[in-house]
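For reference, each letter of the sequence shown is one residue, going 1 to 266 in full-length UniProt numbering.
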Amino acid sequence: MSLGAALSDGVALTHRNLIKIKRVPDLLTTSLMGPIMSLLLFAFVFGSAIEVPGLSYREFLIAGIFTQTIAFNVVTTGSGLADDIQRGIMDRLRTLPISSSAVLVGRTTSDLMNNALALLVMSLTGLLIGWRVHTSVLEVIAGFLLLLLFGYAMSWVMAVVGLSVRAPEMVTNASFMVVMPLSFVANTYVSTERMPGVLRVIAEWNPISAVTQAARNLFGNVNPAAPPPGAWPLQNAELASVGWIVVIMLIFVPLAIQRYNKAVSR
1 MSLGAALSDG VALTHRNLIK IKRVPDLLTT SLMGPIMSLL LFAFVFGSAI
51 EVPGLSYREF LIAGIFTQTI AFNVVTTGSG LADDIQRGIM DRLRTLPISS
101 SAVLVGRTTS DLMNNALALL VMSLTGLLIG WRVHTSVLEV IAGFLLLLLF
151 GYAMSWVMAV VGLSVRAPEM VTNASFMVVM PLSFVANTYV STERMPGVLR
201 VIAEWNPISA VTQAARNLFG NVNPAAPPPG AWPLQNAELA SVGWIVVIML
251 IFVPLAIQRY NKAVSR
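Below you can see the structure in the form of structure tokens.
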């Protein structure tokens, strides 16, 4: 099958997944309300107890919430694929003359658009509670693109999870065990410098920390008078983020295709 035909199949299946979101608006509502609640909770309840020298805590917090939201939202990739397998949709798609990778591309691309909408809504919410950017338009666009690329890479991780479990309900539990530690043992809510020993090292090399730090840099939400971070991934956050995205894609795209072929051949 030609590359053009494979891309056309991917677009068609992306459209199919977006129509599903439109017909079940509850999915979109819950994926947007959760991040907004987290943002307001940490900004107004915990934010008053946390100080960031030379910077508003809300400006410090926003990039972390963005990254955490992106990481949690991709759970829909895994649950959507698991649901398609359980309902026999995969068997029906297998009988059609379409590219095998189009199913995965369609799912991950539709969830990328869902993440873009979530970032838009959260940005507007952040602006309402005092978040401001202090860099150029190009840097801000680069920050959002980096967040979306990280979310797209994480979608392939969740695709592997969704194609490996026996029921859609298991995806949420399995994803929770992976994403929750990653998002909390990071610089999402507090600086890694406040963490003890081994925990600090893990947080500094956590991909969520790199993406969060890169977004803070690109949005201008850092204290210019503060000393630079001690760890390489945080000193070179943009480069480290791109590196993590490439590594995740190189590992999990082939793995997801392998799991898909195995799932439809049962």
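Ideal Cβ positions, reconstructed from N, Cα and C, are used throughout, including at glycine.
Contact annotation: T192 and A203 have beta-carbon atoms nearer than 8 Å. Non-local C-beta neighbours of V157 in its own chain, meaning closer than 7 Å and more than five positions away in sequence, comprise I248, F252, ordered along the chain. Non-local beta-carbon contacts of W131 in its own chain, meaning distances under 7 Å to residues more than five positions away in sequence, involve R58, E59, I62 in chain order. According to DSSP, L55 shares a beta bridge with V52. Between the alpha carbons of A12 and V161 lies a gap of roughly 24 Å.
Pairing Q68 with I89, the inter-Cα distance amounts to about 30 Å. Contact annotation: A237 and Q258 have beta-carbon atoms that are not nearer than 8 Å.
Excluding residues up to 5 positions away in sequence, I62 lie with their Cβ nearer than 6 Å to the Cβ of G126 in the same chain. In the DSSP assignment, R216 falls within the alpha helix (DSSP H) that extends over 207-219.
About 5 Å separates the beta carbons of I208 and L182, which is inside the 8 Å limit, making them a contact pair.
In the DSSP assignment, G130 falls outside any alpha helix (DSSP H), carrying neither H nor E.
Within its own chain, the residues whose Cβ lies closer than 7 Å to the Cβ of Y260, once the five positions on either side in sequence are excluded, are S100, V103, L104, L163, listed in chain order. Taking the C-beta atoms as reference points, L218 is found no nearer than 8 Å to T95. Taking every protein chain shown into account, the CB of T14 has 16 or more other CB atoms within 10 angstroms, so this residue is buried. Taking a 10 Å sphere around the C-beta of T29, we find fewer than 16 other C-beta atoms and assign the residue as exposed.
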